[in-house]
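Worksheet: one structure, shown below.
There are 4 protein chains.
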Amino acid sequence: MKATLLFPDKDIVERFYVPLIYTACRTCYSELEPDEIFRRAVAGEVDGAKQQKLIQGVIESGHGSTIEHIVFTFGISGVSRTLSHQLVRHRAGVAFDQQSQRYVKYKGASTMLPATLEDADPELRRRYEEQIEGSLDLYGDLLGAGIPGEDARFVFPNATRTNLVMTTNLRALIHMSGLRLCTMAQWEIRRLFQLIRHEIFNVSPFLGSFLAPKCVPLGYCDEMNNRDGHCPIRPHKDVVLAAWAEKAKTARAAGRELPVT
Amino acid sequence: MKATLLFPDKDIVERFYVPLIYTACRTCYSELEPDEIFRRAVAGEVDGAKQQKLIQGVIESGHGSTIEHIVFTFGISGVSRTLSHQLVRHRAGVAFDQQSQRYVKYKGASTMLPATLEDADPELRRRYEEQIEGSLDLYGDLLGAGIPGEDARFVFPNATRTNLVMTTNLRALIHMSGLRLCTMAQWEIRRLFQLIRHEIFNVSPFLGSFLAPKCVPLGYCDEMNNRDGHCPIRPHKDVVLAAWAEKAKTARAAGRELPVT
Amino acid sequence: MKATLLFPDKDIVERFYVPLIYTACRTCYSELEPDEIFRRAVAGEVDGAKQQKLIQGVIESGHGSTIEHIVFTFGISGVSRTLSHQLVRHRAGVAFDQQSQRYVKYKGASTMLPATLEDADPELRRRYEEQIEGSLDLYGDLLGAGIPGEDARFVFPNATRTNLVMTTNLRALIHMSGLRLCTMAQWEIRRLFQLIRHEIFNVSPFLGSFLAPKCVPLGYCDEMNNRDGHCPIRPHKDVVLAAWAEKAKTARAAGRELPVT
Amino acid sequence: MKATLLFPDKDIVERFYVPLIYTACRTCYSELEPDEIFRRAVAGEVDGAKQQKLIQGVIESGHGSTIEHIVFTFGISGVSRTLSHQLVRHRAGVAFDQQSQRYVKYKGASTMLPATLEDADPELRRRYEEQIEGSLDLYGDLLGAGIPGEDARFVFPNATRTNLVMTTNLRALIHMSGLRLCTMAQWEIRRLFQLIRHEIFNVSPFLGSFLAPKCVPLGYCDEMNNRDGHCPIRPHKDVVLAAWAEKAKTARAAGRELPVT
Numbered sequence: 020m021k022a023t024l025l026f027p028d029k030d031i032v033e034r035f036y037v038p039l040i041y042t043a044c045r046t047c048y049s050e051l052e053p054d055e056i057f058r059r060a061v062a063g064e065v066d067g068a069k070q071q072k073l074i075q076g077v078i079e080s081g082h083g084s085t086i087e088h089i090v091f092t093f094g095i096s097g098v099s100r101t102l103s104h105q106l107v108r109h110r111a112g113v114a115f116d117q118q119s120q121r122y123v124k125y126k127g128a129s130t131m132l133p134a135t136l137e138d139a140d141p142e143l144r145r146r147y148e149e150q151i152e153g154s155l156d157l158y159g160d161l162l163g164a165g166i167p168g169e170d171a172r173f174v175f176p177n178a179t180r181t182n183l184v185m186t187t188n189l190r191a192l193i194h195m196s197g198l199r200l201c202t203m204a205q206w207e208i209r210r211l212f213q214l215i216r217h218e219i220f221n222v223s224p225f226l227g228s229f230l231a232p233k234c235v236p237l238g239y240c241d242e243m244n245n246r247d248g249h250c251p252i253r254p255h256k257d258v259v260l261a262a263w264a265e266k267a268k269t270a271r272a273a274g275r276e277l278p279v280t
Numbered sequence: 020m021k022a023t024l025l026f027p028d029k030d031i032v033e034r035f036y037v038p039l040i041y042t043a044c045r046t047c048y049s050e051l052e053p054d055e056i057f058r059r060a061v062a063g064e065v066d067g068a069k070q071q072k073l074i075q076g077v078i079e080s081g082h083g084s085t086i087e088h089i090v091f092t093f094g095i096s097g098v099s100r101t102l103s104h105q106l107v108r109h110r111a112g113v114a115f116d117q118q119s120q121r122y123v124k125y126k127g128a129s130t131m132l133p134a135t136l137e138d139a140d141p142e143l144r145r146r147y148e149e150q151i152e153g154s155l156d157l158y159g160d161l162l163g164a165g166i167p168g169e170d171a172r173f174v175f176p177n178a179t180r181t182n183l184v185m186t187t188n189l190r191a192l193i194h195m196s197g198l199r200l201c202t203m204a205q206w207e208i209r210r211l212f213q214l215i216r217h218e219i220f221n222v223s224p225f226l227g228s229f230l231a232p233k234c235v236p237l238g239y240c241d242e243m244n245n246r247d248g249h250c251p252i253r254p255h256k257d258v259v260l261a262a263w264a265e266k267a268k269t270a271r272a273a274g275r276e277l278p279v280t
Numbered sequence: 020m021k022a023t024l025l026f027p028d029k030d031i032v033e034r035f036y037v038p039l040i041y042t043a044c045r046t047c048y049s050e051l052e053p054d055e056i057f058r059r060a061v062a063g064e065v066d067g068a069k070q071q072k073l074i075q076g077v078i079e080s081g082h083g084s085t086i087e088h089i090v091f092t093f094g095i096s097g098v099s100r101t102l103s104h105q106l107v108r109h110r111a112g113v114a115f116d117q118q119s120q121r122y123v124k125y126k127g128a129s130t131m132l133p134a135t136l137e138d139a140d141p142e143l144r145r146r147y148e149e150q151i152e153g154s155l156d157l158y159g160d161l162l163g164a165g166i167p168g169e170d171a172r173f174v175f176p177n178a179t180r181t182n183l184v185m186t187t188n189l190r191a192l193i194h195m196s197g198l199r200l201c202t203m204a205q206w207e208i209r210r211l212f213q214l215i216r217h218e219i220f221n222v223s224p225f226l227g228s229f230l231a232p233k234c235v236p237l238g239y240c241d242e243m244n245n246r247d248g249h250c251p252i253r254p255h256k257d258v259v260l261a262a263w264a265e266k267a268k269t270a271r272a273a274g275r276e277l278p279v280t
Numbered sequence: 020m021k022a023t024l025l026f027p028d029k030d031i032v033e034r035f036y037v038p039l040i041y042t043a044c045r046t047c048y049s050e051l052e053p054d055e056i057f058r059r060a061v062a063g064e065v066d067g068a069k070q071q072k073l074i075q076g077v078i079e080s081g082h083g084s085t086i087e088h089i090v091f092t093f094g095i096s097g098v099s100r101t102l103s104h105q106l107v108r109h110r111a112g113v114a115f116d117q118q119s120q121r122y123v124k125y126k127g128a129s130t131m132l133p134a135t136l137e138d139a140d141p142e143l144r145r146r147y148e149e150q151i152e153g154s155l156d157l158y159g160d161l162l163g164a165g166i167p168g169e170d171a172r173f174v175f176p177n178a179t180r181t182n183l184v185m186t187t188n189l190r191a192l193i194h195m196s197g198l199r200l201c202t203m204a205q206w207e208i209r210r211l212f213q214l215i216r217h218e219i220f221n222v223s224p225f226l227g228s229f230l231a232p233k234c235v236p237l238g239y240c241d242e243m244n245n246r247d248g249h250c251p252i253r254p255h256k257d258v259v260l261a262a263w264a265e266k267a268k269t270a271r272a273a274g275r276e277l278p279v280t
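Protein chains in written order, with our numbering: chain A, 20 to 280; chain B, 20 to 280; chain C, 20 to 280; chain D, 20 to 280.
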């Protein structure tokens, strides 16, 4: 599995991406025209740290439109069709083009081996591998016998690898990362978003810092399946809100005002 | 494969759906309030044929927002994962929930047989069926050996059947039908949209009449792959525009004005 | 200002809307076909309370696609263009058709008076009303002098009232209500969503219960402008997370394990 | 009115934008990984003219996802609120941030004068200008008297100028241009898209060539309001399809096969 940031490169990100978001934010609150705001930001007439601080506040408050103005394009290769079927469910702020099993007549189809099968009983693993290889072999024979590619591929397993080009704006990328970096996400798609986060960090540690499981910005985990608190990243919503409720109750009992701030 | 219109039923469609679109259209051009327009339309104070005529004109002009106000929910079952992977690529005006191969531990997984394989050489078909059955058997054994369902399913073929609930507004449904009823669409998804069209016709022949390959409203086919004109539904764009150009040239040569209307 | 639920009526909501969401949820986790799940739910073979409980859990976990299958259509009338310009910024899961100031030649344009101007110094209020009336009069004179409606309306104030038809799925409605019922939203759009919530409650107290300022499901307020805690609906995120941090620190100091659940 | 392309600059467009679309197209039909396709395209190992030809064909066939991978960000300033209210109705593939009349307390609000009023009877024009100036003066006085900005702006006319940052992918830009460059679009928004097209031409004549009224790629006009053929850009759909029908009828009468290609 591979995820490569195709566009933009580090130089473009460093020169333009923070100024673009800053311009979108400032345009809402200023009588200045956007091209003048942008010119100043790019020229460094507005301090870079000040630009970042504004952006940080806007993202933390969930005012998301301002971070729809910058996009990242990834080449994604060698992921299973199981992963791609999940990935393309994302709709807002994201574009996909995927290798077509209908049009490509594969000469070298390859497959993904899950870790649980890699580590399984050798006999079980052998059966799995034979089954998968049998599928790929039969696919070739079906093509050879004149069956159209779009029908021959019915024999391909979910494990079959595929490639995609994915473009996403920052808002969608933060949203997807929030879901897919969660320890409860499927292992393969979680790994993909770890690679994607790594690519973003390479071109901008500041922007990369916003790619995290959703519990990190929320301050708590809201997954039903984590009511037992087995994931250590953040405590569950229930216990966090209970801690506050307890503190407020104690304050009230002592005749003190609620510590709202 | 099955497509069942879950909502709305024929009674609801007949009472409310044309009036809803009519209200959206009229609100744009009227000083009347929408609830009054709607009341009149539902009460039959505006002639039904007049309502339909307005809607027809609006749809033919491509002014699509007015037909986003009515939705249809389908239960779709027994389609291959090959179909579902294509289907969920639609993003605007459509919602999907799909049977999860991650969470469902299948006891009775079944598969789809393409017609080309059904009609293939018996030996080839036998090999295909054995391969598919082998996959389903191995899936059961993997589950039995404690492999998680989300990994065991890597062995499932594309042919594996799945179920979805799909809700789509009329605009998205016309758009999807335009692409998927085209003779160049994949046979399985084309069959699905034939079933869907049948369901819509059952509750409203008027609304069903807008579900057609995109060449029908366009008046020509714009598919590159049909430059040879093998699909008989409509002539290719190139020849239609050429016919006009020829007629205009003749008119000019004869000193006549261009017949623009 | 008026917001009227045009579709569906109470009978339709009671018969179909909870079963539709339930079917979407169950389809993901079941080998049963969606039309069978739906049939059972509508027939009451699945307990209504059980259906609601599943839906409640799914909404609270933020798994939103399942609540995109049901929609509500509102007639909205008498709101200012200030409100409508904000409202139509919502994009996902929502459709609008609005009275066109380009095509409608107003005979009876009317305007909205903000409470701060209603309660203002009488002289100031008089000037405001004269200015507004002057605009409407001039509009009429411009039309009379042959200026096209699309240009005459340049003189219309933001206060001018407009009508819309809005259709929204439940996910978008919860999202919009979360933002627009917040005490920091603009007063007019907040009032609109109070009317909308009232309409939903009329047809389903269960579904209406999910329409609340976003702080209610979150358990805390995340608005930068409420760091002083002036809005009493929920405490600010900062103090809630601090209460938890304090409790965890005390536990650690006492050698106790973190109370993660 | 001003529209300035903020991002990307000509150098970035020339180095990366055609290769990005090319990579999206090729990934669908190739076993090569997207990063390798992109590397070859950027390095010039694939002929630029060949890349453009593929892109041209894909756009002409309406296969739009491939052109969602490149975006353009514009600073737009000095447009009326009438224009902005229309512009932000676009939803797919586009992001907006707009100067807030709620948060900005204008010191120098300015307005747009339609040409029909500029050229109107001097007395009428004088009344219009007085009315508009009266609105801006009163706004200042309302602010001075302590009325909140969000209420004072109710007196602002539609003519009031505003600024936006707009980011759009190429697919959405072609779609919007198709509607807004049409001679039946409102004059102000049409002018805006002429400026936008000019900006795109400056960085890429190839990409700019796709920005045209929708009748240009269609080959005919499908606007109901142009059934009289008053707009000369393209003949109406009715006459184009009639020319083909006539030619086909003649062919049939002469016993010749239909000239489908």
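Ideal Cβ placement from N, Cα and C applies to all residues, glycine included.
Under 8 Å between the Cβ atoms of residue i and residue j?
i: D/V61; j: D/R100; result: no
i: A/G191; j: A/H104; result: This sequence places Ala at residue 191 of chain A; Gly is not what is there. No.
i: A/I151; j: A/P133; result: no
i: A/F229; j: A/I78; result: yes
i: A/A128; j: A/L155; result: yes
i: C/D54; j: B/L25; result: yes
Could you tell me the distance, in whole angstroms, from the CA atom of residue i to the CA atom of residue j?
i: A/T23; j: A/M185; result: 10 Å
i: C/D160; j: C/P167; result: 11 Å
i: D/V65; j: D/E52; result: 15 Å
i: A/I74; j: A/C44; result: 8 Å
i: A/A273; j: A/C201; result: 40 Å
i: C/G227; j: A/D140; result: 53 Å
i: D/R216; j: D/A270; result: 43 Å
i: A/G165; j: A/A171; result: 9 Å
i: D/R253; j: D/A204; result: 15 Å
i: D/K266; j: B/P236; result: 20 Å
Looking only at C-alpha atoms, which of the options sits nearest to residue i?
i: D/I219; options: D/H109, D/A261 and D/T187; result: D/T187
i: C/Q71; options: C/P224, C/R246, C/Y239 and C/V258; result: C/P224
i: C/H255; options: C/V222, C/K233, C/A134 and C/G63; result: C/K233
i: B/Y158; options: B/T179, B/D138, B/A191 and B/A139; result: B/T179
i: B/V37; options: B/T46, B/A68 and B/E55; result: B/A68
i: A/C47; options: D/H217, D/L183, D/R216 and D/K268; result: D/L183
i: A/E207; options: A/T130, A/A111 and A/E149; result: A/T130
Which one or two residues does DSSP pair with residue i in a beta bridge?
i: A/T179; result: A/T130
i: A/N188; result: A/V90
i: D/Q205; result: In DSSP, D/Q205 forms no bridge with anything.
i: C/T269; result: Partner(s): none; C/T269 has no beta bridge.
i: B/V98; result: B/T181
At least 3 beta-carbon pairs within less than 8 Å: the segment 142-152 of chain D vs the segment 93-104 of chain D: Short answer: they don't touch.
Sufficient close CB pairs (3 or more, under 8 Å) joining the segment 111-127 of chain B to the segment 119-136 of chain A: Between the segment 111-127 of chain B and the segment 119-136 of chain A there are fewer than three C-beta pairs closer than 8 Å, too few to call the two in contact.
Cβ pair count under 8 Å reaching 3, the segment 68-88 of chain A against the segment 122-133 of chain D: They do not touch, by the three-pair rule.
Three CB pairs or more closer than 8 Å across the segment 235-245 of chain D and the segment 256-273 of chain D: Output reads yes: the segment 256-273 of chain D touches the segment 235-245 of chain D.
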